[in-house]
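So the protein sequences, as listed, match chains A and B. Residues in the first sequence are numbered from 3 upward in steps of one, following our numbering. Residues in the second sequence are numbered from 3 upward in steps of one, following our numbering. Ideal placement from N, C-alpha and C gives every residue a C-beta, glycine not left out. Everything below concerns the one structure shown next.
Protein chains: 2
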Amino acid sequence: MAGRLADIGEFGFIERIRRGCLVRKDGVVRAIGDDAAAFVSPAGELTLVTTDLLVERVHFLRDAAGGFALGVKALAVNLSDIAAMGGTAQAAFVSIGVPRDCPLDYLEELYRGMRHLAAEHGVNILGGDTTASKTDLVINVAVTGSVREEEMLRRDGARPGDVICCTGNLGDSRAGLHLILENIPADTPELAALVKAHLLPRPHLAEGRWLAACGAATAAIDVSDGLAADLGHILETSGAGAVIDAGALPLSENLHDFCRRFGKDPVDMALSGGEDYVLLATLCAERAREAADRFRQALGRPLHVIGEITGTGRLEVVTPDGRRRTAEARGWDHFKTGADHGDTRQA
Amino acid sequence: MAGRLADIGEFGFIERIRRGCLVRKDGVVRAIGDDAAAFVSPAGELTLVTTDLLVERVHFLRDAAGGFALGVKALAVNLSDIAAMGGTAQAAFVSIGVPRDCPLDYLEELYRGMRHLAAEHGVNILGGDTTASKTDLVINVAVTGSVREEEMLRRDGARPGDVICCTGNLGDSRAGLHLILENIPADTPELAALVKAHLLPRPHLAEGRWLAACGAATAAIDVSDGLAADLGHILETSGAGAVIDAGALPLSENLHDFCRRFGKDPVDMALSGGEDYVLLATLCAERAREAADRFRQALGRPLHVIGEITGTGRLEVVTPDGRRRTAEARGWDHFKTGADHGDTRQA
């Protein structure tokens, strides 16, 4: 539908976007349309809350992504945080600040993307805020979830000897971002898959739940800033070090092709790329092998063993030819570095 | 402290603002510093969630307000939504998008304002997101709360014959906004009080809890868009009309002084002003008088009876001289009207 928000007004817009927002009715007492949403939380479980703010020209270019992909991503990054706690996602709350030049079509696609991903994971969109913005499109998504306290995956539980695992490929998203930023057409299925990995990340909620319930995980985080930076958060809060086996990193054939063609190093892409939104977890050594087997049986996907927690306090990388180097483990800090892409959640 | 975010970096900033964010430790399992916050919700109560997005040059002028007041207001408007549900506020989640030219001092004041109000109401600041913005300062606050389902105050329960009450003065905030927008110095205590009513609203959480627990309230909303518009939301969802007694509206002496001096009508200011953040509630007629008496005893403040719910479907205003007119009851819609101030919450 063509037009701008001014044509249908704010209330008309809210009426339109609320359709399809409620995918589970049980336990929902107030959805969009009262002062606050109200819903039942599972008895005896902790309430989880996470929030992410996306600002145009900092986190996304309006034209590069398209509304649908932007909607998917805005929700996916929050669901990924719930996954990293081992939780079940409950409800999403979407605030948008809309500049006058933003077409209604784009906003409808944005909500279609969010509703699509929300429905896939049984998440209700229960509220939010719609307002104007002077220059940039602004989207804040907050997501609630729940988890049993004894199952919750935290960052600070990694101990020397623990096995480091991840739940999916690393580096694909960074390669896709490179193609977008350099305006390189994704004219093969391989390149298109990399762009898709960047634009339409899949939150690993099922993987997070499985790891939380298996009882063997000692720490977890989702890979948003890059393997080195996010593992760095686990090491810092756990007071530990780690050694990563570069030869064991799950790197896709698509990434290898990309790196050959554009002269990049796939291990570097995996270590420092970011926005993979796979989970990184540490498991008790004695239970890791059995857990990886059962993970594959349960989810039909491998749990990749990529390294080990150490007592060194450093993050080291061992290459297949036996060379060992220390990697930079600090998080992306775009205020300090002067770069403008990327952000860091407080929680 | 002088400087910009770039001087201390994002993580340095988070370290600084998290101090004093946790005012109640009981039941909080993860605060700022993990993938999501995690906390215990009271057994058997509903979880409430509300969120508000404030964008520079749309909702506030950075210099006019000052950081402290902006922080107070960003949190207060959300606490007011929890109050309007009859809930107890639990935790706040603060996302900010910061332009490069925003001084660190301003951000510190912003968080000082939020922590000040949060502490006053026993609300923990448990998470958020800190990121860059190209042009405008952007603040999204999400707040969680809880309420027993049978006590929850909703918008749609008003019935003909119910008495309409409000918990505080109307119109002061609009007068304060006028002084700010017209650059009129608030050079008397009376004018300063009006500016304060606009910049530092007090969320009526105690009033909301009392109304929820008293058992006589049939509907409630907080006055953010103005008495006529917000009562309009109750009437629309309840399928009712109302008559407001203009002579009974709680109008401060400061507002009367302001209106005499600047040629305004105090009843108009009360009806269409907005941002009062008092509660508007409807009570069963037979229990209203007793409830108002007990309200004053319990809270030391009056519950003002200002009108009655009718079956007309219209919002009417009766003036002290007996004239009756129909008021415009639709909500503020800044996309459709073309104005830029104000916003409307989806929930």
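What distance in whole Å lies between the Cβ atoms of residue j and residue i, which are believed to be in contact at a cut-off of 8 Å?
{"i": "I308(A)", "j": "T284(A)", "result": "I308(A) to T284(A), Cβ: 11 Å. No contact."}
{"i": "L196(A)", "j": "G178(A)", "result": "4 Å"}
{"i": "D224(A)", "j": "L281(A)", "result": "6 Å"}
{"i": "I34(B)", "j": "R21(B)", "result": "Between R21(B) and I34(B) the Cβ distance is about 10 Å, and since that is not below 8 Å, they are no contact."}
{"i": "A134(B)", "j": "L77(B)", "result": "The Cβ separation is near 22 Å, so there is no contact."}
{"i": "L229(A)", "j": "L273(A)", "result": "5 Å"}
{"i": "V320(A)", "j": "A248(A)", "result": "6 Å"}
{"i": "G115(A)", "j": "V74(A)", "result": "4 Å"}
{"i": "H306(A)", "j": "C167(A)", "result": "6 Å"}
{"i": "V140(A)", "j": "V140(B)", "result": "5 Å"}
{"i": "I236(A)", "j": "A293(A)", "result": "At roughly 17 Å, the Cβ-Cβ gap does not stay under 8 Å, so I236(A) and A293(A) are not in contact."}
{"i": "A214(B)", "j": "V149(B)", "result": "7 Å"}
Classify residue i as buried or exposed, calling it buried when 16 or more other Cβ atoms lie within 10 Å of its own Cβ.
{"i": "G210(A)", "result": "buried"}
{"i": "G88(A)", "result": "buried"}
{"i": "R32(A)", "result": "buried"}
{"i": "L109(B)", "result": "buried"}
{"i": "F41(A)", "result": "buried"}
{"i": "P191(B)", "result": "exposed"}
{"i": "D65(A)", "result": "exposed"}
{"i": "V156(A)", "result": "The sequence shown places Arg at residue 156(A), rather than the Val named in the question. So R156(A) ends up on the buried side."}
{"i": "R204(B)", "result": "buried"}
{"i": "Q92(B)", "result": "buried"}
Compute the Euclidean distance between the alpha carbons of residue i and residue j, then round it to the nearest angstrom.
{"i": "M154(B)", "j": "L56(A)", "result": "33 Å"}
{"i": "W334(A)", "j": "G29(A)", "result": "Any reading at W334(A) is ruled out, since the residue's pLDDT is 45, under 50, leaving its predicted position unreliable."}
{"i": "V145(B)", "j": "V60(A)", "result": "25 Å"}
{"i": "G5(B)", "j": "L233(B)", "result": "46 Å"}
{"i": "D295(A)", "j": "G69(B)", "result": "54 Å"}
{"i": "L202(B)", "j": "G130(B)", "result": "22 Å"}
{"i": "G46(A)", "j": "D107(B)", "result": "42 Å"}
{"i": "I246(A)", "j": "P322(A)", "result": "11 Å"}
{"i": "V143(A)", "j": "V96(B)", "result": "11 Å"}
{"i": "G11(B)", "j": "A188(B)", "result": "38 Å"}
{"i": "F297(A)", "j": "G217(A)", "result": "12 Å"}
{"i": "A71(A)", "j": "L112(A)", "result": "7 Å"}
{"i": "S254(B)", "j": "D174(B)", "result": "7 Å"}
{"i": "A98(B)", "j": "E17(B)", "result": "A quick correction: the sequence has Ile, not Ala, at residue 98(B). If you take the alpha carbons of I98(B) and E17(B), they lie about 15 Å apart."}
{"i": "I182(A)", "j": "P105(B)", "result": "33 Å"}
{"i": "A244(A)", "j": "R102(B)", "result": "36 Å"}
{"i": "D48(B)", "j": "T90(A)", "result": "Here residue 48(B) turns out to be Leu, not Asp, going by the sequence shown. So the alpha carbons of these two residues sit roughly 17 Å apart."}
{"i": "V165(B)", "j": "K198(B)", "result": "30 Å"}
{"i": "G241(B)", "j": "E277(A)", "result": "48 Å"}
{"i": "D2(A)", "j": "T53(A)", "result": "As displayed, chain A neither begins before 3 nor continues past 349, which places residue 2(A) out of reach and without an answer."}
{"i": "S43(B)", "j": "R325(B)", "result": "50 Å"}
{"i": "D227(A)", "j": "D267(A)", "result": "18 Å"}
{"i": "G147(A)", "j": "V100(B)", "result": "28 Å"}
{"i": "P304(B)", "j": "Y279(B)", "result": "16 Å"}
{"i": "G170(A)", "j": "V79(A)", "result": "15 Å"}
Is there at least one Cβ from chain A nearer than 7 Å to residue i's Cβ?
{"i": "A40(B)", "result": "yes"}
{"i": "L207(B)", "result": "no"}
{"i": "L112(B)", "result": "no"}
{"i": "G99(B)", "result": "yes"}
{"i": "L48(B)", "result": "yes"}
{"i": "D28(B)", "result": "no"}
{"i": "G22(B)", "result": "no"}
{"i": "T355(B)", "result": "Summary: the structure shown does not reach residue 355(B), with chain B confined to residues 3 through 349, and so no result is reported for it."}
{"i": "T52(B)", "result": "yes"}
{"i": "S43(B)", "result": "yes"}
Counting only C-beta atoms, is residue i closer than 7 Å to chain B at any point?
{"i": "N142(A)", "result": "yes"}
{"i": "F260(A)", "result": "no"}
{"i": "L181(A)", "result": "no"}
{"i": "D352(A)", "result": "In the structure as shown, chain A begins at 3 and stops at 349. Residue 352(A) is therefore absent and cannot be evaluated."}
{"i": "V25(A)", "result": "no"}
{"i": "T328(A)", "result": "no"}
{"i": "T190(A)", "result": "no"}
{"i": "V307(A)", "result": "no"}
{"i": "F95(A)", "result": "yes"}
Residues in the region 54-78 of chain B having any Cβ partner in chain A nearer than 9 Å: D54, L55, L56, V57, E58, R59, V60, H61
Interfacial residues, the region 274-296 of chain B to chain A, with Cβ spacing under 8 Å: If the cut-off is 8 Å between Cβ atoms, the region 274-296 of chain B has nothing near chain A.
Selection of the region 79-93 of chain B by Cβ proximity to chain A, strictly under 9 Å: N80, S82, D83, I84, A85, A86, M87, G89, Q92, A93
Residues from the region 151-166 of chain B in contact with chain A, defined by Cβ distance under 9 Å: E151, M154, L155, R156, R157, D158
Contact list for the region 223-240 of chain A against chain B, Cβ threshold 8 Å: The region 223-240 of chain A vs chain B, Cβ under 8 Å: I223, D224, T239.
Residues, ordered as in the chain, of the region 122-133 of chain B that lie near chain A by beta-carbon distance below 8 Å: Of all residues in the region 122-133 of chain B, the ones placed with a Cβ closer than 8 Å to any Cβ belonging to chain A are L128, G129, G130, D131, T132, T133, in chain order.
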